[in-house]
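Student: No gaps in the numbering here: position 139 of the sequence shown is 140 in the working numbering, and each next residue is one more. All residues carry an ideal CB built from backbone N, CA and C; glycine is no exception.
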Amino acid sequence: MPRFSPFRGFPGPKIPAPPIRGEDSGEKFRGRGRAMNADLFGLEQQTPRANRRPEAAALVEVLKALRTHPAVAWCERMNTGAAKVEGRFIRFGFKGCPDVLGQLKDGRLLGVEVKAQAGRLRPEQALFLERIRGAGGVAFVARDCRDVREQLNN
Numbered sequence: 002m003p004r005f006s007p008f009r010g011f012p013g014p015k016i017p018a019p020p021i022r023g024e025d026s027g028e029k030f031r032g033r034g035r036a037m038n039a040d041l042f043g044l045e046q047q048t049p050r051a052n053r054r055p056e057a058a059a060l061v062e063v064l065k066a067l068r069t070h071p072a073v074a075w076c077e078r079m080n081t082g083a084a085k086v087e088g089r090f091i092r093f094g095f096k097g098c099p100d101v102l103g104q105l106k107d108g109r110l111l112g113v114e115v116k117a118q119a120g121r122l123r124p125e126q127a128l129f130l131e132r133i134r135g136a137g138g139v140a141f142v143a144r145d146c147r148d149v150r151e152q153l154n155n
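(1) Judging by CA-CA distance, which residue of 150, 92, 65 and 116 is the nearest neighbour of residue 81?
(2) Just to confirm, are residue 1 and residue 116 a CB contact at a threshold of 7 Å?
(3) Within the region 62 to 103, note down every full beta strand (DSSP E) run reaching 3 residues or more, in order along the chain.
(4) Give the range of the alpha helix (DSSP H) segment to which residue 135 is assigned.
(5) Between the alpha carbons of residue 127 and residue 103, how many angstroms are there, rounded?
(6) Checking the sheet assignment: what are the DSSP bridge partners for residue 112?
(7) For residue 94, collect the residues of the same chain with a Cβ closer than 8 Å to its Cβ; drop the 5 residues on either side in sequence, then sort them by chain order.
(8) Is it true that the CB of residue 63 sits closer than 7 Å to the CB of residue 149?
(9) When you compare only the Cα positions, how much space is there between residue 98 and residue 72?
(10) Quick one: Cα of residue 155 to Cα of residue 57, how far?
(11) Taking just the CA atoms, how far does residue 138 sit from residue 108?
(12) DSSP on residue 152, reduced to helix/strand/coil?
(13) Compare the C-alpha of residue 55 against each of 118, 88 and 129 and name the closest.
So, in structure tokens, the structure goes:
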């Protein structure tokens with residue numbers, strides 16, 4: 002006796018056939034939102050993606066370096082922006098605030114502005130870092146973990 006199926010007798014789902022690729026091995030086609038290439042054997046290969054947020058990658062690297070450095074007591078990412086919460090407009094952070102604030106084990110304030118390789122400080126960011134230095138804290142611009150080691154080891 003055949004098994005019962007509520008779908009017996011109904012046509013199957015209409016699944017579109019995949020697009021037919023040309024014979025050219027370098028022809029590009031779309032797949033999963035990113036450009037794909039077909040290699041010599043017709044296998045799909047994703048094209049390398051350009052990093053649209055190099056500063057975000059640098060921030061992750063800098064935070065890891067700070068959190069593992071023996072001179073740093075604590076450090077946290079400072080978010081800036083605004084949102085509407087329960088009908089009220091709330092602003093987070095303030096102009097010029099560094100990307101990372103923290104404290105060294107000797108008690109001094111730590112301020113780190115993270116920039117991509119081609120990034121430049123805005124005037125209010127430079128002023129804030131200068132205020133931290135003027136009060137005896139440690140403030141610098143970091144583009145990668147080497148900058149963190151260099152500044153904190155001096």
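Tutor: Taking the structure as given:
(1) Walking along the sequence shown from the start, residue 81 turns up at place 80. Per the Cα distances, 92.
(2) Nothing about residue 1 can be read from this structure; the chain reaches only from 2 to 155.
(3) 73 to 78, 82 to 86 and 89 to 93
(4) As a position in the sequence shown, residue 135 is number 134, starting the count at 1. Note, residue 135: alpha helix (DSSP H), 124 to 135.
(5) In the sequence shown, residue 127 corresponds to position 126, counting from 1. In the sequence shown, residue 103 corresponds to position 102, counting from 1. Going from the Cα of residue 127 to the Cα of residue 103 covers about 17 Å.
(6) Here residue 112 corresponds to residue number 111 of the sequence shown, with the count starting at 1. According to DSSP, residue 112 bridges with 102 and 140.
(7) For the purposes of this step, residue 94 is taken as the residue at position 93 of the sequence shown. Setting aside the 5 residues that flank it on each side, residue 94 is surrounded in the same chain by 79, 80, 81 and 82, each with a C-beta closer than 8 Å to its C-beta; the list follows chain order.
(8) Counted from its first residue, the sequence shown places residue 149 at position 148. Counted from its first residue, the sequence shown places residue 63 at position 62. Their beta carbons are under 7 Å apart, which means residue 149 touches residue 63 by this criterion.
(9) If you number the sequence shown from 1, residue 98 lands on position 97. If you number the sequence shown from 1, residue 72 lands on position 71. Rounded to the nearest angstrom, the two C-alpha atoms are 22 Å apart.
(10) Within the sequence shown, residue 155 is the residue found at index 154, counting from 1. Within the sequence shown, residue 57 is the residue found at index 56, counting from 1. Each residue's Cα considered, the two are about 26 Å apart.
(11) On the sequence shown, residue 108 is found 107 positions in, with the first residue counted as 1. On the sequence shown, residue 138 is found 137 positions in, with the first residue counted as 1. Answer to the nearest angstrom: the Cα atoms are 9 Å apart.
(12) Taking the sequence shown and counting its residues from 1, one reaches residue 152 at position 151. Looking at residue 152 - three-state DSSP - the assignment turns out to be helix.
(13) As a position in the sequence shown, residue 55 is number 54, starting the count at 1. Minimum Cα distance to residue 55 is reached at 118.
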